[in-house]
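Residue numbers (our numbering), protein chains in the order written: chain A, 16 to 283; chain B, 5 to 529; chain C, 4 to 323.
Even for Gly, the Cβ is constructed at its ideal location relative to N, Cα and C.
One structure below.
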Amino acid sequence: MTKRRFSVAVALAWVLVVVAAAAAAPLLTSHGVVQPVGHPLASASSGIPLGTDELGRDLWSRLLYGGRASLGASALAAALTVVLGGLAGLVAVVGGRWVDSTVLLVVNSALAIPGLLLALLLVAGLGPSLPTIVLAVGLGGAPGFARLARQAFLQGQTATYIAAAAALGAGRVRVALAHLLPNARPQLLPLAATYYAWSFLGTTTLTFLGLAGDPTHPEWGSMMNAGRLHLLDAPHLVFLPGAAIAMTILSVHALAGALARPRPRPSD
Amino acid sequence: MNRSTMRLLRGAACAVAAAVVSACAAPTPPPTSVVYGLTLSPTGIDPHLNASAELGIPLTSVYDTLVVQDPLTGDFLPSLASSWTMSDDGLSYTFHLRSDVRFHDGEPFDAEAVRANIDYILDPDNHSQKAVFMLGPLERVEVIDPTTVVFHLKAPYPPLLDSLAQVYLGMASPKALATWGPSDYQFHQVGTGPFRFVEFVPNDHLTLVRNPDYAWGPSIYQHATAQVETVTFRFYTEPATRALAVENGDVDILGEIPPHDAQRLAGEGIGVTPVTIPGQPLQFLLNTKRPPTDELDARRALLLALDRPAIVQAVFGDTSPVAQGLLSGLGLASSSLPEHDQAEAERLLTDSGWLMGTDGVRHRDGQTLELTIVAPSWGNNPEVGQLLEAAWEALGAQVELQIAPSFGQLKEAQEKGDYNAIGINFFGTDPDLLRPMFASDGVYNWTGYRDLLLDDLLRRGGSSAISPGERQALYGQATQIVLNQVLVLPIRDYVNLVASSPRIHELRFSYTGWFPLLIDLEIGS
Amino acid sequence: MVSPADRPRNRLLIPLLRRLLSGIGTLWAALTLAFVALRIGGGDPTQSLLAQGLASPQQIAALRSELGLDLPLPAQYVRYLAGLVRGDLGRSLYTGRSVVVTIGEQLLPTFELALVAFLVSVVLGLTLGVVAGWFPKRWSGRSADALSALATGVPVAVLGLLAIIIAAALARAAPPLLGWLRSGGVLLPALTLGIAASGALARAIQAGLLEASGAPYLVAARARGVGEGARLLWHALRPVLPLAVALAALQAAFLLSGTVVTETVFSRPGLGRLLVTSILEGDFPVVQGLVVLAAAVYSITQATADMAAMALDPRLREPS
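Set out below in structure tokens:
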């Protein structure tokens, strides 16, 4: 237990640090991300704590601003997934049998294409760029989230007091908002966290594949992609953003796990 | 007498007798073998049908072409055709063929074979991706007699000889073409060249073995037959680990070494040869149809703001020459481009009304100095594009960089017209390359610039009936106009960095720069 | 996977058929989705060919009618489905070659990669899961737990690049190992992908075992004198297996998307690379063909896994 609590604390600390660093990026560095500040692959010196990247730009600045882009893009994508998927799940549960079957059909057919491939497909349709990736990852995660959200809502619906509320004449929308949503919250919260991790992985994977467009403006996945050419002579170009990505995903996983575990009741 | 001396004597005896007694050649050559690394794994390698540049590296040695280009001067020399003439109207070329040539399968090479090859390429069902376009306005091939063939054109087409010198129009055995058909011929290729095609296992290897009967090589080859027994091609598609493969002796020859690795390899005694690729340098065209690059002063300012040697140094290290003109490797006089002059660049912009605001961005009459760069995703263009962005941002412009992942998307961006600078360049061995890009009606006139004098110079330069000296002068004048108008930002002349292990000697390349002349390859101790 | 003898056969057959039908329905819907997704961009893919000078306007017109692009969307959709039934996926816009042939050429390297990776993931996933779940307090169990957590969290791209660096370092010491790095070598990419895929399996088995170790039937088995050791483990593992089979099928999804990244990281030829380059080039018939293939493979493995799970666990045979 203590070990688990420790790892959750580390995860929380990492997430807080990363978010704070991304938010306060302009305060933490004096260099921009566009202008070279020295020779390519120069080693660390005063003012450039991590040295320069493959084109001579300050690596520290690029990591900070890159985190901003990765975290922001994946947060937007996850928000899209949660809102769309949650809404679909809710509508399926309160909308009656036909609506439920229709939603299920769409969701299941979308699930026959693995999420990342679905996102790739959407990027193919819309053209490669970071906004497209946000949209594609957001839509790509929605079917899976919808299915799990529907289950959570269904469990909530069986509670007798909801049936009672319906019997008393509360409208479907009202039941959905006043009862189903708060009831399912303990399940939806860790689910949303898990899908944030998924969005983050999806976003950085697609940008790593070179689908993000402009490489001047850093993003962790794109930075890994650009650094690949120097994999053997300057591995830190790949592994600093790579480690940041891995740490973030592991941390969000750990937090989602902690959210999902029922809090010990006093009687236990 | 030790064994190697024996072999030497036998070899000498056979060299004398080779022309008559081909059977003798079989046991003679020492069982030498070379591993040649390819940098991408082509999906199809039928030279008549597929377009990959990579396929030419092995197959240039499997096929002979009607004519060849001198590797140094680019002059056209006889090969399968011992002589040729062009009609005065430029509409027909008559080729007189050698009669002593046999395909690797024993079939004789003759005029019918030429016609069969061209028909195979022209057949729309075969979906040729490159060769058919290289034939231009070719109408048909007429067989006069077994050693005479005439190419009839619908319109004059000066690049025909250039095309016929390339492996994509190499002569394949009509019997093999008919036997295997367009989907399988690539695995059973039969030519007349110094090496026979043994096998191609996609994504794994391709093997060539010496053709002992080869006796009709063009004069550009130093040897009569190949000096190594087998050449095995393997694929090294991951750029980061290419140098490692050479260092460890896993491969003897490997091209397209990343520049920073080339420097390290050279330090370890492994030869890295920069092979010049003739044609246009890595360059960005400026759009004269869209503000602010529609004004000459703005274009000049953008050029002056670039420290081109620093950009080349940052992206390509010490191994690449800074571009000095519109074409490289073609023997044209290099022209001088202005050096980096930040103060002058700033002055030009300020004088033309672009005033620096407090936000670090220049404005004029309420408009922001905005620039859009479109860079292709290949050939280090994105890296150069990022440094252009940095340089112009420092000048006070708001810059957007777009990456076009394929030629189609590059062209799409160009058609929309929302760009100020766009990266594009073509390789080629004829200065006529300039015409499609800088003539008013050129297919690749992406600068949008129109100039009757320039059109006239390029037209006269491209016509066939003109002396080399006159040509030089015409292209010199044309280049001056293009540079004075700052239609293009030339950055770096192309070189292919080829690493080879110390035991490899006499590694030479065709005039196009990409294809090795494997027949002359020698192995030392 | 033998069904218990006391149950009539049709009790198994009907649920299986139902599962199969729903699998086909899902597949059809997925194919439709692929069709729609690629047309939301609205661009005409043949225009970029014209733009590249790779085809004349006449050839483009011919190509458009060959692809059915001059037809209204519903008619295109019918053509598309009819083509699929005949096994015809159309032609690549760039090479003009049949999509079936283009995909077929790249099938083998990806299949090889996915198969070896699958084996790696099953062996590694089982090992890590059992060790972590059966010895939760011991050092070995804790390490297994940490490793499987890492495997689930570290992206394939990071793992793969790490693998290249390690292999390069080894190869410097022992040059024969360099063969690993050559394009076509399967070991390194398959290890990467297999490790990444093993995490989920390991964690499921671990959770199942942890839950089972306190369960009454296990206590009873111990009381009956089944003892510690392997037989007891087998008792505990039995109920976890259907879940493990279902997860192994889910791996198919992971492997499908994982090959895209793995092949890119190792510059290895295959379907994943073909997909990325086709997307970048806008070669939509090839993209469409690949998605159809992925959906088919995925649906089939899902259905197979569900049926296998039904055979293993009678409770699953009731319609949900």
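Backbone CA spacing between histidine 227 of chain B and proline 198 of chain B [nearest angstrom]: Cα to Cα, histidine 227 of chain B sits roughly 10 Å from proline 198 of chain B.
What residue range does the alpha helix (DSSP H) around arginine 241 of chain C cover? Segment: none, arginine 241 of chain C is in no alpha helix (DSSP H) and carries neither H nor E.
Report the neighbours of glutamate 393 of chain B on chain A: residues whose CB is nearer than 8 Å to its CB, in chain order. Val49 and Thr231
Looking at chain A, is there any beta carbon in it that lies within less than 8 Å of the beta carbon of threonine 280 of chain C? no
With DSSP as the reference, label histidine 344 of chain B as helix, strand or coil. coil
Could you spell out where the beta strand (DSSP E) holding proline 494 of chain B opens and where it closes? 492–496
Check the Cβ of proline 386 of chain B against every Cβ in chain A and list those closer than 7 Å, keeping chain order. Neighbours of proline 386 of chain B in chain A, taken as residues whose beta carbon is under 7 Å from its own, are Pro230 in chain order.
Hey, does aspartate 248 of chain A have any beta-carbon neighbour from chain B nearer than 8 Å? yes
Assuming methionine 239 of chain A is part of the alpha helix (DSSP H), what are its boundary residues? 235–242
In chain order, what are the residue ranges of uninterrupted alpha helix (DSSP H) at least 4 long that sit wholly in the region 290–362 of chain B? 300–308, 312–320 and 346–355
Could you give the first and the last residue of the continuous beta strand (DSSP E) run that contains asparagine 500 of chain B? 499–504
Could you tell me the alpha carbon to alpha carbon distance between phenylalanine 430 of chain B and alanine 39 of chain A, rounded to whole angstroms? 45 Å
Does any residue of chain C bring its CB to less than 8 Å from the CB of glutamine 413 of chain B? Interface residue, yes.
Alpha-carbon to alpha-carbon, tryptophan 358 of chain B and glutamate 397 of chain B: 14 Å
State buried or exposed for histidine 509 of chain B, treating a residue as buried only when at least 16 other CB atoms are found within 10 Å of its CB. exposed
Measuring only between beta-carbons, confirm whether threonine 245 of chain B sits less than 8 Å from chain D. Absent here is chain D; the protein component of the structure consists of chains A, B and C.
Interfacial residues, the region 281–312 of chain C to chain B, with Cβ spacing under 7 Å: Leu283, Glu284 and Gly285
Cα-Cα separation, serine 151 of chain C to serine 124 of chain C: Roughly 11 Å between the two C-alpha positions.
Near leucine 226 of chain A, what residues of its chain come up, given a Cβ to Cβ distance below 7 Å and the 5 sequence neighbours on each side ignored? Val138, Pro143 and Ile148
Looking at the structure shown, is tyrosine 211 of chain A part of a helix, part of a strand, or coil, going by DSSP? The answer is helix: DSSP assigns tyrosine 211 of chain A an H, G or I state.
Excluding the five sequence neighbours on either side, which residues of its own chain have a C-beta within less than 6 Å of the C-beta of tyrosine 448 of chain B, listed in chain order? Pro440 and Met441
Which stretch, first to last residue, makes up the alpha helix (DSSP H) that contains histidine 194 of chain A? Histidine 194 of chain A -> no alpha helix (DSSP H), and no H or E assigned at all.
Provide the residue(s) that pair with serine 37 of chain B in DSSP beta bridges, ordered along the chain. B:Thr234
So, with DSSP's three-state summary, where would you put valine 159 of chain C? helix
When you compare only the Cα positions, how much space is there between alanine 338 of chain C and glycine 364 of chain B? In the structure displayed, chain C extends from 4 to 323; residue 338 of chain C sits before or after that span and is not available.
Excluding the 5 residues flanking proline 233 of chain A on each side, which residues of the same chain have their C-beta closer than 6 Å to its C-beta? Val48, Arg77, Tyr80 and Gly81
Does DSSP classify leucine 511 of chain B as helix, strand or coil? Here leucine 511 of chain B carries a coil assignment [DSSP, helix/strand/coil].
Cβ of glutamate 397 of chain B within 8 Å of any chain A Cβ: yes
Kindly give me the distance between the Cβ atoms of proline 263 of chain B and serine 324 of chain B, rounded to whole angstroms, as I take these residues to be in contact under 8 Å. 7 Å
At 9 Å on the CB atoms, spell out the chain A contacts of alanine 32 of chain C, in chain order. Leu120, Val121, Asn123, Ser124, Ala125 and Ala127
Return helix, strand or coil for threonine 195 of chain C, following the three-state DSSP convention. helix
Candidates B:Arg366, B:Gly361, B:Asp355 and B:Pro409: which alpha carbon is nearest valine 378 of chain B's? B:Pro409
Contact set for isoleucine 375 of chain B: own chain, Cβ-Cβ below 6 Å, skip 5 residues either direction: Before going further, note that residue 375 of chain B is leucine rather than isoleucine in the sequence given. Around leucine 375 of chain B: Trp396, Ala401, Val403 and Asn424.
Which of helix, strand or coil DSSP assigns to aspartate 68 of chain A: coil
Cutoff 6 Å; reference alanine 151 of chain A; Cβ partners in own chain excluding five residues on either side: Ala134, Leu137 and Val138
Just to make sure I have the definition right: I need the residues of chain A whose C-beta is within less than 7 Å of the C-beta of valine 157 of chain C. Which are they? Within 7 Å Cβ-Cβ: Ala261.
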